[in-house]
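Q: After the structure tokens below, expect a handful of questions from me.
There are 2 protein chains.
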Amino acid sequence: MYRTHNCGELTVSDIGKKVELAGWVFHKRDLGAMIFIDLRDRYGITQLVFEKSLYEQSKTDIGREYVISVSGNVVERSNKNFKIPTGEIEIIVDSYHILNPSLPPPFTLENETDGGEELRMKYRYLDIRRNIIKKNIELRHNLAREVRNYLSDNGFWEIETPCLIKSTPEGARDFVVPSRTNPGKFYALPQSPQTFKQLLMIAGCDRYFQIVRCFRDEDLRADRQPEFTQIDCEMSFVTQNDVINMFEGLIRDIFIKIKGFDTGKFQKFSYDEAMNCYGTDKPDLRFEMKLTEITEKVKGKNFKVFDDAEYIAGISAKNCASYSRKQIDELVDFVKKPQIGASGLIYIKYENINNFKSSIDKYFTKDELQNICDEINSTVGDLIFIMAGEKEKTQKALGELRLEMGNRLQLRNNNTFVPLWVTDFPLLEWNETDKRFYAKHHPFTSPQDISVLKNDPAKAKANAYDLVINGIEIGGGSIRIHDKNIQKQMFEILGFSEEEANKQFGFLINAFEYGAPPHGGIAFGFDRLCAILGGSESIRDYIAFPKNNAGRDLMIESPAEISQQQLDELGICIKSNFK
Amino acid sequence: MYRTHNCGELTVSDIGKKVELAGWVFHKRDLGAMIFIDLRDRYGITQLVFEKSLYEQSKTDIGREYVISVSGNVVERSNKNFKIPTGEIEIIVDSYHILNPSLPPPFTLENETDGGEELRMKYRYLDIRRNIIKKNIELRHNLAREVRNYLSDNGFWEIETPCLIKSTPEGARDFVVPSRTNPGKFYALPQSPQTFKQLLMIAGCDRYFQIVRCFRDEDLRADRQPEFTQIDCEMSFVTQNDVINMFEGLIRDIFIKIKGFDTGKFQKFSYDEAMNCYGTDKPDLRFEMKLTEITEKVKGKNFKVFDDAEYIAGISAKNCASYSRKQIDELVDFVKKPQIGASGLIYIKYENINNFKSSIDKYFTKDELQNICDEINSTVGDLIFIMAGEKEKTQKALGELRLEMGNRLQLRNNNTFVPLWVTDFPLLEWNETDKRFYAKHHPFTSPQDISVLKNDPAKAKANAYDLVINGIEIGGGSIRIHDKNIQKQMFEILGFSEEEANKQFGFLINAFEYGAPPHGGIAFGFDRLCAILGGSESIRDYIAFPKNNAGRDLMIESPAEISQQQLDELGICIKSNFK
């Protein structure tokens, strides 16, 4: 036994006790005749006092981040720190041991550190000692626990599905694992347990969940990880509303337990409503600033941009009529960025009743501008932005501008949370390059209307739903196809030959022959959910040992070369002409 | 909504209610004017009655394992079945829908099935419908939940460690994953999160656990899986007793919560005691029949087998003096099997005081045989077996014979559970082929006495402990090395060059420079723990989608070939001359 207490629990009620503590030397201050040390462990910080005979020795032989154990008496502090639970006491040390010395850490272990991302990742075991990162790890643990409790209490069984499965090229790229005992053959790591959870429904498991590692070999963008964690769920004998109610309950429960407040009932938008009102299928509802379509109101004034446009809409930024030329130019540049791709931005400064400054005032009279402002629900002092063009592209661009204005007006507070459902997604997406449809969700999502799917696949809607919080998609799911004929039809529309479909998904198609129940489910991005609840943008801060944007673990230096013997045993070789 | 209730909850208190149920047609009986159907879901079985206008239709259009939903009234059964909770009621169906038809399943879905292992694995989604397998899946869920609750309540954080790590050839073979974005380089799948959990201790996480998938590319023996699940745990600032107390608490808690009884405090044996008393480091304590050494008592009687032996010991099988020649011959054959490798077996039938039949009665007088029997604590009616030879080999052979006798005497009841700890393991094992030491546990286990390690490594004992239940090793762990110099010394003794050690474990050796706390932990085989608690020998019955002994998943047909495009993207090729 190295300690009688941890560094976070001693308070005034322990005064007079003889205690033993162990931990890391966080701060050390030499006051001449005494040394103060803040001893740190996972639980907190306790102030140690080394005086008299221990002064000289502790002055020289204890350094920063040394691991020490001490024995001493709890006394009341004269100079109390009410910010921490242990701030009213200190320990007068009577003996100590150095359990392990430490080199000086390569960056400071405070919440605000001088260590860059790369250095912190290389020494992640030091980075985690920082309170801010340690709290994230704790949050993740607590969140997982709440999720498991809620789902278990609601009759879900956590069932582990395999990691070594089979490659199915539909979708993102698989990571593969050569099989030594089956030469020339490969396992693949799962992108999700989708087919297995459907098989568990066919197996009669009724309610399944799993907090599960998934893998995607994608070209990594910022804040994507090759391995990530999902809360994966599936239910039998359910409609879309049953699933939505169950998981709205989960998310509300999490907010109550972890954040201490009830988000209330979630709003629900169809995909079309979300696009029309917010220019995105994942609206950030922490602020209003809705898109208003004005296509029919503004045509016929000889303004070619409007007259040629399929779609014209505007947003109104409250109290921004005083924006300078420079500020507006910045926003024009913003919408012209390649990621957004708009050709221009029209503004109306609503300075007063019938008093406007606008980039289109040579085409529109004051009355006409007034009508536009009224249509968009603007009031005096607002700044109106209008965009025109192809419908979906223009909605998306205006949606991006809306978010940018939300940022500028500080309407996107990380401590406010507005969850919502988006439903009625398109079933398919046409890919112009490949000249084929792809499943918007995945090939197992059921269509709302089978006759629309047959006659006009592009118009088919899916029984699919996304959970969005603060503009971020946290989860998505669908009611699945459980009829083998519809599943076959779906594979056909997606361009699978019968042979290909059988090769990749034969086991599932076969299982549909043996009494598949109606079923549906959802999967949540657990890393992202942690980040949202933690109030952060970066999922890396919520993963104990993340990889960088190149998929490398800088601490263990992975991936790495393997030995020729390993390659030989696996029966594979590395192409020397690899470019 | 497909149902108002599930098939396991309706009882006499629901009589008169109008209900809707959905599930699978388990059994169907045609009684002439009415059809009885046992409708099955995860929760139970409810009897449905189709009569009057529904009789003819349901007779022809509903088959076995069809998925149906019904609406009807709960009535009291005349012929009650008190074996199931719903056995006192039935549903008079007034309407039904066929939600999905089914082909007849390829094997019966009863607890005792006519399906062979291979067929069951190919149709695992049907196999899981069998109550006996479904209960295993439920047990596994409940067990995981209890483990998480106990550990979380004791301050452990569940922290996810990466799956894509780096190959470290020490130990078993790694599965590797080619990296597309780092051509020629590979990730490896973890054999255990050993180094990461140690890094989490250095990171100050204090108490860590994880129920985690691990991977070993071994030549599979019966009941080994290439991917398996561990309960992996680590604690800081602990001694061996702290770890043992914490996890004895866990195992006792599991038995109380899952099996409804307290195992009581666990016995503790040193490795040497276990070998001396039971001839194994994982004794089955459900029965006594201890080994008794008699080396010094029986030498010098001109019996060469004894006189030449390093070690002689015996066991006494209660009330087996009446064993026939044939029975004894079977046991002689048993110990001569290559896996056991004994050259022979000596017996003494203790038929009465001073009355023996024995294979050595020409060398020993009745008094001498009496002395041997007394030494081994035999009583009249017992059968004594004696073996002689090299010490460890003879102990192990006698230990195997002891287990065989336990089986024959039905002393190994699957509903009795006797957990124990084995401690003080040897640190190292000498490998005669490679002429080097291997770590018995792993290279991070601390020695009990560093001077023994230096002067006579073969004699060094480890701060290591195993948890054994009913003769099966369920978990093992150790207090780790936290001193960088001892770790370096350990790598040296294991024959690592400094370069090799740094290449494979440099990140850990480096981390030891920055204040590693004393720490230790344990890992439990979760699949095995489930099987033990379920009273089964086979872990496959406790894994939702297991692989067969060749590492193949017969349902999804994995591993499988991948496309040339995938190989090209990964920059690898398959050796055509692979034998």
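Protein chains in written order, with the working numbering: chain A, 1 to 579; chain B, 1001 to 1579. Note that CB positions come from ideal geometry on N, CA and C, so glycine has one too.
How far does the alpha helix (DSSP H) with Asp-1333 (chain B) in it reach, from first residue to last?
A: As a first step, residue 1333 (chain B) is located in the second sequence; it is residue number 333 there, counting from the start. Where Asp-1333 (chain B) is concerned, the enclosing alpha helix (DSSP H) stretches over 1325 to 1336.
Q: If Val-93 (chain A) and Val-70 (chain A) are in contact, beta carbons under 8 Å, what's the gap, nearest whole angstrom?
A: Along the first sequence, read from residue 1 onward, the residue named residue 93 (chain A) stands at position 93. Along the first sequence, read from residue 1 onward, the residue named residue 70 (chain A) stands at position 70. The Cβ separation is near 5 Å, so the contact holds.
Q: Taking the CB atoms as reference points, tell me whether Ile-1493 (chain B) and Ser-1446 (chain B) lie closer together than 8 Å.
A: Translated into the one-based positions of the second sequence, residue 1493 (chain B) becomes position 493. Translated into the one-based positions of the second sequence, residue 1446 (chain B) becomes position 446. No, these two residues do not count as a Cβ contact at 8 Å.
Q: Would you mind sorting Ser-1324 (chain B) into buried or exposed? The rule is 16 or more other CB atoms within 10 Å of its CB.
A: Taking the second sequence and counting its residues from 1, the one referred to as residue 1324 (chain B) is at position 324. It is exposed - the Cβ of Ser-1324 (chain B) has fewer than 16 other Cβ atoms within 10 Å.
Q: Please state whether DSSP places Lys-1579 (chain B) in a helix, a strand or coil.
A: Position 579 of the second sequence holds residue 1579 (chain B). Residue placement at Lys-1579 (chain B) cannot be trusted, given a pLDDT of 43 that sits under 50; the coordinates are not used to answer.
Q: For Asn-1355 (chain B), which residues in the same chain have their Cβ closer than 8 Å to its Cβ, ignoring the five residues on either side in sequence?
A: As a position in the second sequence, residue 1355 (chain B) is number 355, starting the count at 1. So the qualifying residues of the chain are Lys-1366.
Q: Name the one or two DSSP bridge partners that Glu-473 (chain A) has.
A: By one-based count along the first sequence, residue 473 (chain A) stands at place 473. Partner(s): A:Val-468.
Q: Which residues in the same chain have their Cβ closer than 6 Å to the Cβ of Ala-1516 (chain B), if we skip the five residues on either side of it in sequence?
A: Along the second sequence, one-based indexing puts residue 1516 (chain B) at 516. Here the set comprises Ile-1202 and His-1482.
Q: Does the structure place the segment 1549 to 1556 of chain B close enough to the segment 1214 to 1233 of chain B that three or more beta carbon pairs sit under 8 Å?
A: Output reads yes: the segment 1549 to 1556 of chain B touches the segment 1214 to 1233 of chain B.
Q: Using a threshold of 8 Å, state whether the C-beta atoms of Thr-292 (chain A) and Ile-211 (chain A) are closer than that.
A: Residue mapping note: residue 292 (chain A) aligns to position 292 of the first sequence, counting from 1. Residue mapping note: residue 211 (chain A) aligns to position 211 of the first sequence, counting from 1. It is not a contact, given that the beta carbons lie outside the stated cut-off.
Q: Give me the Cα-Cα distance between Ser-359 (chain A) and Lys-337 (chain A), rounded to the nearest whole angstrom.
A: Locating residue 359 (chain A) in the first sequence gives position 359, counting from the first residue. Locating residue 337 (chain A) in the first sequence gives position 337, counting from the first residue. About 20 Å.
Q: Along the beta strand (DSSP E) that carries Ile-1346 (chain B), what are the first and last residues, could you check?
A: As a first step, residue 1346 (chain B) is located in the second sequence; it is residue number 346 there, counting from the start. Per DSSP, Ile-1346 (chain B) belongs to the beta strand (DSSP E) from 1346 to 1352.
Q: For His-1519 (chain B), list the residues DSSP reports as bridge partners.
A: Taking the second sequence and counting its residues from 1, the one referred to as residue 1519 (chain B) is at position 519. Partner(s): B:Ser-1236.
Q: Buried or exposed for Trp-1421 (chain B), going by 16 or more other Cβ atoms inside 10 Å?
A: For the purposes of this step, residue 1421 (chain B) is taken as residue 421 along the second sequence, with counting starting at 1. Under this definition Trp-1421 (chain B) is a buried residue.
Q: Let me confirm a value: Gln-1230 (chain B) is counted as buried when at least 16 other C-beta atoms fall within 10 Å, else exposed. Which label applies?
A: Taking the second sequence and counting its residues from 1, the one referred to as residue 1230 (chain B) is at position 230. That one is buried.
Q: Buried or exposed for Met-235 (chain A), going by 16 or more other Cβ atoms inside 10 Å?
A: Your numbering for residue 235 (chain A) matches position 235 in the first sequence. Per the 10 Å Cβ criterion, buried.
Q: What residue range does the beta strand (DSSP E) around Gln-267 (chain A) cover?
A: Residue numbering aside, residue 267 (chain A) sits at position 267 when the first sequence is read from its first letter. It spans 267 to 270 - the beta strand (DSSP E) in which Gln-267 (chain A) sits, taken as one unbroken run.
Q: Taking 8 Å as the threshold (C-beta atoms), are Leu-1331 (chain B) and Ile-1348 (chain B) in contact?
A: As a working note, residue 1348 (chain B) is residue 348 in the second sequence. As a working note, residue 1331 (chain B) is residue 331 in the second sequence. Going by C-beta atoms, Ile-1348 (chain B) is not nearer than 8 Å to Leu-1331 (chain B).
Q: Report buried or exposed for Ser-378 (chain A), applying the criterion of at least 16 other Cβ atoms within 10 angstroms of its Cβ.
A: Mapped onto the first sequence, residue 378 (chain A) falls at position 378. Its Cβ being crowded by 16 or more others within 10 Å, Ser-378 (chain A) is buried.
Q: Where Glu-160 (chain A) and Glu-1498 (chain B) are concerned, what is the direct C-alpha to C-alpha distance, given to the nearest angstrom?
A: For the purposes of this step, residue 160 (chain A) is taken as the residue at position 160 of the first sequence. For the purposes of this step, residue 1498 (chain B) is taken as the residue at position 498 of the second sequence. Going from the Cα of Glu-160 (chain A) to the Cα of Glu-1498 (chain B) covers about 40 Å.
Q: From Pro-190 (chain A) to Arg-216 (chain A), what does the alpha carbon distance come to, in whole angstroms?
A: In the first sequence, the residue the question calls residue 190 (chain A) occupies position 190. In the first sequence, the residue the question calls residue 216 (chain A) occupies position 216. Pro-190 (chain A) and Arg-216 (chain A): Cα-Cα distance of roughly 8 Å.
Q: Using 8 Å as the limit for Cβ to Cβ distance, is Cys-1233 (chain B) near chain A?
A: Your numbering for residue 1233 (chain B) matches position 233 in the second sequence. Not one chain A Cβ lies under 8 Å of Cys-1233 (chain B).
Q: Any beta carbon from chain A within less than 8 Å of Leu-1566 (chain B)'s own beta carbon?
A: Translated into the one-based positions of the second sequence, residue 1566 (chain B) becomes position 566. The amino acid at residue 1566 (chain B) is misidentified as Leu; the sequence shows Gln. Output row for Gln-1566 (chain B): interface = yes.
Q: Could you check if Ile-15 (chain A) is buried or exposed, using at least 16 other CB atoms within 10 Å of its CB as the buried criterion?
A: The count along the first sequence starts at 1 and reaches residue 15 (chain A) at position 15. Counting Cβ neighbours within 10 Å, Ile-15 (chain A) comes out exposed, since fewer than 16 surround it.
Q: Could you give the residue range of the beta strand (DSSP E) that holds Cys-530 (chain A)?
A: Mapped onto the first sequence, residue 530 (chain A) falls at position 530. Per DSSP, Cys-530 (chain A) belongs to no beta strand (DSSP E); it is in the alpha helix (DSSP H), 526 to 534.
Q: Taking the alpha helix (DSSP H) that Tyr-125 (chain A) falls in, what are its first and last residues?
A: As a first step, residue 125 (chain A) is located in the first sequence; it is residue number 125 there, counting from the start. 124 to 127 is the span of the alpha helix (DSSP H), which, as asked, contains Tyr-125 (chain A).
Q: Going by beta-carbon coordinates alone, are Pro-1101 (chain B) and Tyr-1123 (chain B) separated by less than 8 Å?
A: Position 101 of the second sequence, counted from the first residue, corresponds to residue 1101 (chain B). Position 123 of the second sequence, counted from the first residue, corresponds to residue 1123 (chain B). Cβ atoms of Pro-1101 (chain B) and Tyr-1123 (chain B): not closer than 8 Å.
Q: Got a sec, what are the start and stop residues for the alpha helix (DSSP H) Arg-436 (chain A) sits in?
A: To locate residue 436 (chain A), count along the first sequence from 1; it is residue 436. First-last for Arg-436 (chain A): 436 to 439, but that is the beta strand (DSSP E), not the alpha helix (DSSP H).
Q: At a Cβ threshold of 8 Å, is Met-1121 (chain B) touching chain A?
A: Stepping through the second sequence from its first residue, residue 1121 (chain B) is reached at position 121. Output row for Met-1121 (chain B): interface = no.
Q: In chain order, what residues of the same chain lie with their CB nearer than 6 Å to the CB of Phe-1247 (chain B), ignoring the 5 residues before and after it?
A: As a first step, residue 1247 (chain B) must be located in the second sequence, where it is residue number 247. Excluding positions up to five away in sequence, the list reads Ile-1522.
Q: Can you tell me whether Gly-992 (chain B) is helix, strand or coil according to DSSP?
A: The structure shown does not extend to residue 992 (chain B), since chain B is modelled only from 1001 to 1579, so the question has no answer here.
Q: Leaving out the 5 sequence neighbours to the left and right, which residues in its chain are closer than 6 Å to Tyr-43 (chain A) when beta-carbon positions are compared?
A: Taking the first sequence and counting its residues from 1, one reaches residue 43 (chain A) at position 43. Contacts found: Asn-6, Cys-7 and Gly-8.
Q: For Met-289 (chain A), which residues of its own chain have a beta-carbon under 6 Å away from its beta-carbon, when the five flanking residues on both sides are left out?
A: Start at 1 with the first residue of the first sequence, and residue 289 (chain A) comes out as number 289. Only Ile-315 and Arg-402 meet the Cβ criterion.
Q: With a threshold of 8 Å, are at least 3 pairs of Cβ atoms found where one atom belongs to the segment 1136 to 1153 of chain B and the other to the segment 137 to 154 of chain A?
A: They touch, by the three-pair rule.
Q: Under DSSP, the alpha helix (DSSP H) around Thr-46 (chain A) begins and ends at which residues?
A: As a first step, residue 46 (chain A) must be located in the first sequence, where it is residue number 46. Counting along the chain, Thr-46 (chain A) falls outside any alpha helix (DSSP H), though it belongs to the beta strand (DSSP E) covering 44 to 51.
Q: For Ile-1386 (chain B) and Ile-1340 (chain B), which I take to be in contact (beta-carbon distance under 8 Å), what is that distance rounded to the nearest angstrom?
A: Taking the second sequence and counting its residues from 1, the one referred to as residue 1386 (chain B) is at position 386. Taking the second sequence and counting its residues from 1, the one referred to as residue 1340 (chain B) is at position 340. Between Ile-1340 (chain B) and Ile-1386 (chain B) the Cβ distance is about 15 Å, and since that is not below 8 Å, they are no contact.
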